[in-house]
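Protein chains in written order, with the working numbering: chain U, 318 to 464; chain L, 118 to 476.
Right, one structure below, let's go through it.
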Amino acid sequence: MERYGDMVYRLALAQTHSGHDAEDVFQEVFLRYLRAAPAFREEEHRKAWLLRVTVNCCKKLHRSFWRRHTVALSETIPAQSREEGELLALLEGLPEKYRAVLHLYYYEGYDTGEIAAILGRSPNTVRSQLSRGRALLRDAWKGAEEA
Amino acid sequence: MTEQIYRDLFDKARPGPALAEDTLAAAGAHSARRRVPVRRLAAAALCLAVVLGAANYQALAAGFQWVVRYFTGVGAAAGPVLVVEQADEWTEGDWLCQLDGVSQGEYLLLELYLVSPEEESLAAVTRELRVYAGDVPLEQGDTAYSAWLPYDGFAAQGRSWMSLAGLDCGPELAWKQAGYQSRVHMAFTYRLPEEVPAELTYQLVDLDGMETRAGTLALTPAEAQAAWSDSRGFDQGTVTVLVSEDGRQLSLYAHRLENEAGLLLTGASLFHHQVTFVGGSGRRYPDAGEGFRSFTSGQVNVQLAAAPSWVEEPIAAVEIGAVQLFYEYDARWDGPGGGTVRARDSVTYGDLDWVISLE
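Below you can see the structure in the form of structure tokens.
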């Protein structure tokens, strides 16, 4: 939890945009981990397991009655510059299906093949989602700058 | 630029300091809550107490293990029989998982059970079981008639949950009594190399390709410990019953031999309620199903049965009322391109009054 707590929380936050939901997901992921006590041959497998379960828990939460109403990401991460404020605003408009892919690519530094393996999606789907997600941000960013 | 700002933003996001502590505290409470509910456990213990005269589930479970270890070894009908020395058991969250198996001749049958304390009727489970002798993957496949059909690599299976409520024999009985409610069963068949290794390694993989379990399975030659043996000839072939020294367990197998007419007896099945253990007092104890198990897949066919665990008096005889035989034969096909085709059928013999006296 000490090693991967931040990683799980940040991915959950990137996906749910809610600090409270991210905390719920954090708890659920580590409860699952502690209950299942899965044995991994390599540390990278443990990390991938946690990431995948995090995304699955976010999806489950999304379908859940208990999901809190959507809040602004900026309520959890305060912007400290104009660029950060703009990016937060853009991220808030980003459809959910692009969020995890973008986060794993931008923040965790995985390539599309690795993201596909973690999320259980085809590499083509991940490439397409990443490309589309980045394009949406880029277009919106450009639009914001022009405005 | 976007990437850098994104990283800077999320560098600032951290879980609250109490969250990890709360999670660890919840883990203890959660595991206690999600285990078999106390009320259900109490009911199960009461049932067991009634059945056994003492609520000792561990003893019952150990008894099952012994039955399996003992009898899978003596049903050698087509080549040497090897048994998995110790079934592998573990948990996946609330699920109890068990991997066990036997080999007969060159074929290995591994059976995976996932058992849940919940009714999981809506969801299916998919698993792929990769088995290796050293670094060499075993050939996985299936059997169509007598032919072995290898897969191209390992193949996953998807199986639905089945409620334990409707199952009245086999290992499911003990799980039901322990408060579990549903299970998934998967049977995987492999071909062993010519030189069978003493140990196999396996990797269990889920639908997402994630490894959920890795381990080893030790294969050990079964010892022929049967004290009593009896065979009976039928039109389709010969069936042998082996009984343990105390008379409390039996196994049954078919002699897989093809006769001159091309008929091959491929397997034999018991009906557990048609197996009766007769005590020294003359009292009759029908098999209650708790020790009943069938390792049946293609070329591996071993059937097990056991006396009810609560019977205390010595067993003097075992009586089999019926068996079902499975066989293949050549049949004439009159349709287009007609000729001889391989067909499969079964026949049930009742009113056998097949008594194996232990005196």
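Just so you know, even glycine gets a beta-carbon here, dropped at the ideal spot from N, CA and C.
Keep in mind it's a predicted model, so treat the numbers as computed, not measured.
Out of the options, which one is the CA nearest neighbour of residue i?
{"i": "F305/L", "options": "S263/L, V313/L, S398/L and E256/L", "result": "E256/L"}
{"i": "L454/U", "options": "R444/U, P412/U and T371/U", "result": "P412/U"}
{"i": "T243/L", "options": "L229/L, D323/L and A204/L", "result": "D323/L"}
{"i": "R451/U", "options": "A417/U, P440/U, Q344/U and H362/U", "result": "A417/U"}
{"i": "G406/L", "options": "F271/L, R400/L, T393/L and D139/L", "result": "T393/L"}
{"i": "M318/U", "options": "Q121/L, I122/L, D125/L and D139/L", "result": "D139/L"}
{"i": "L382/L", "options": "G438/L, H390/L, W278/L and A460/L", "result": "A460/L"}
{"i": "L266/L", "options": "A137/L, D447/L and R308/L", "result": "R308/L"}
{"i": "E430/L", "options": "D451/L, R401/L and Q420/L", "result": "R401/L"}
{"i": "T318/L", "options": "W212/L, A331/L and K293/L", "result": "A331/L"}
{"i": "Q215/L", "options": "G275/L, L334/L and A130/L", "result": "L334/L"}
{"i": "G399/L", "options": "Q420/L, E377/L and I432/L", "result": "I432/L"}
{"i": "Q391/L", "options": "E237/L, L336/L and L421/L", "result": "L421/L"}
{"i": "W471/L", "options": "V358/L, A371/L and A282/L", "result": "V358/L"}
{"i": "P254/L", "options": "D217/L, W278/L and Q320/L", "result": "Q320/L"}
{"i": "S368/L", "options": "G467/L, L284/L, S411/L and L290/L", "result": "S411/L"}
{"i": "P403/L", "options": "E328/L, H372/L, C286/L and A291/L", "result": "C286/L"}
{"i": "F388/L", "options": "G467/L, G270/L and L136/L", "result": "G467/L"}
{"i": "E316/L", "options": "L336/L, H302/L and E328/L", "result": "L336/L"}
{"i": "P425/L", "options": "E328/L, E311/L and A291/L", "result": "A291/L"}
Would you call residue i buried or exposed, if buried means 16 or more other Cβ atoms sit within 10 Å of its Cβ?
{"i": "G170/L", "result": "With a pLDDT of only 26 at G170/L, under 50, the local geometry of the prediction cannot be trusted, and no value is derived from it."}
{"i": "R449/L", "result": "exposed"}
{"i": "Y326/U", "result": "buried"}
{"i": "Q203/L", "result": "exposed"}
{"i": "A339/U", "result": "buried"}
{"i": "Y187/L", "result": "The predicted model places Y187/L with a pLDDT of 36, which falls under 50 and marks its position as unreliable; any figure quoted below should be read in that light. By the 10 Å Cβ count, Y187/L comes out buried."}
{"i": "R438/U", "result": "buried"}
{"i": "Q397/U", "result": "exposed"}
{"i": "H337/U", "result": "exposed"}
{"i": "A264/L", "result": "exposed"}
{"i": "V346/U", "result": "buried"}
{"i": "G218/L", "result": "buried"}
{"i": "A331/U", "result": "buried"}
{"i": "E235/L", "result": "exposed"}
{"i": "Q121/L", "result": "exposed"}
In the DSSP assignment, the alpha helix (DSSP H) including residue i goes from what residue to what residue?
{"i": "W471/L", "result": "W471/L -> not in any alpha helix (DSSP H); beta strand (DSSP E) instead, spanning W471 to S474."}
{"i": "A291/L", "result": "P288 to Q294"}
{"i": "Q332/U", "result": "G322 to T333"}
{"i": "E236/L", "result": "Counting along the chain, E236/L falls outside any alpha helix (DSSP H), and DSSP gives it neither H nor E."}
{"i": "L419/U", "result": "E413 to Y423"}
{"i": "G430/U", "result": "T429 to L436"}
If I follow the unbroken beta strand (DSSP E) through residue i, where does it start and stop?
{"i": "W427/L", "result": "Here W427/L belongs to no beta strand (DSSP E), and DSSP marks it neither H nor E."}
{"i": "Y249/L", "result": "A241 to A250"}
{"i": "Y466/L", "result": "G456 to Y466"}
{"i": "H302/L", "result": "S299 to R308"}
{"i": "E436/L", "result": "I432 to I437"}
{"i": "D125/L", "result": "It is not in any beta strand (DSSP E) - D125/L instead sits in the alpha helix (DSSP H) that spans T119 to D128."}
{"i": "L369/L", "result": "Q366 to A371"}
{"i": "R276/L", "result": "Q274 to S277"}
Pull up the DSSP beta-bridge partners for residue i, would you.
{"i": "A335/L", "result": "E316/L"}
{"i": "P395/U", "result": "Partner(s): none; P395/U has no beta bridge."}
{"i": "C214/L", "result": "W207/L and L231/L"}
{"i": "T383/L", "result": "DSSP output for T383/L lists no bridge partner at all."}
{"i": "Y224/L", "result": "Q221/L and R308/L"}
{"i": "D347/L", "result": "V358/L"}
{"i": "W265/L", "result": "T260/L"}
{"i": "P403/L", "result": "T393/L"}
{"i": "V71/L", "result": "In this structure chain L extends from 118 to 476, so residue 71/L is not present and cannot be described."}
{"i": "A448/L", "result": "V458/L"}
{"i": "Y443/L", "result": "With the sequence shown as reference, residue 443/L is identified as Phe, and Tyr is not the correct amino acid for it. Paired residues: G384/L and S463/L."}
Beta-carbon separation of residue i and residue j under 9 angstroms?
{"i": "G396/L", "j": "V428/L", "result": "yes"}
{"i": "L442/L", "j": "G384/L", "result": "yes"}
{"i": "Y446/L", "j": "S463/L", "result": "no"}
{"i": "G222/L", "j": "P314/L", "result": "no"}
{"i": "R352/U", "j": "T208/L", "result": "yes"}
{"i": "T442/U", "j": "C375/U", "result": "no"}
{"i": "Y268/L", "j": "G258/L", "result": "yes"}
{"i": "G364/L", "j": "V435/L", "result": "yes"}
{"i": "A423/L", "j": "Q366/L", "result": "yes"}
{"i": "G452/L", "j": "R349/U", "result": "no"}
{"i": "L367/U", "j": "E425/U", "result": "no"}
{"i": "S348/L", "j": "V360/L", "result": "no"}
{"i": "R276/L", "j": "E289/L", "result": "no"}
{"i": "L328/U", "j": "Y123/L", "result": "no"}
{"i": "Q478/L", "j": "A282/L", "result": "This structure does not reach residue 478/L, given that chain L is present from 118 up to 476, and the question cannot be answered."}
Compute the minimum distance between the beta carbon of residue i and the heavy atoms of the ligand ATP, and state whether it is under 8 angstroms.
{"i": "V313/L", "result": "Absence of the ligand ATP is noted for the structure shown, with no ligands found whatsoever."}
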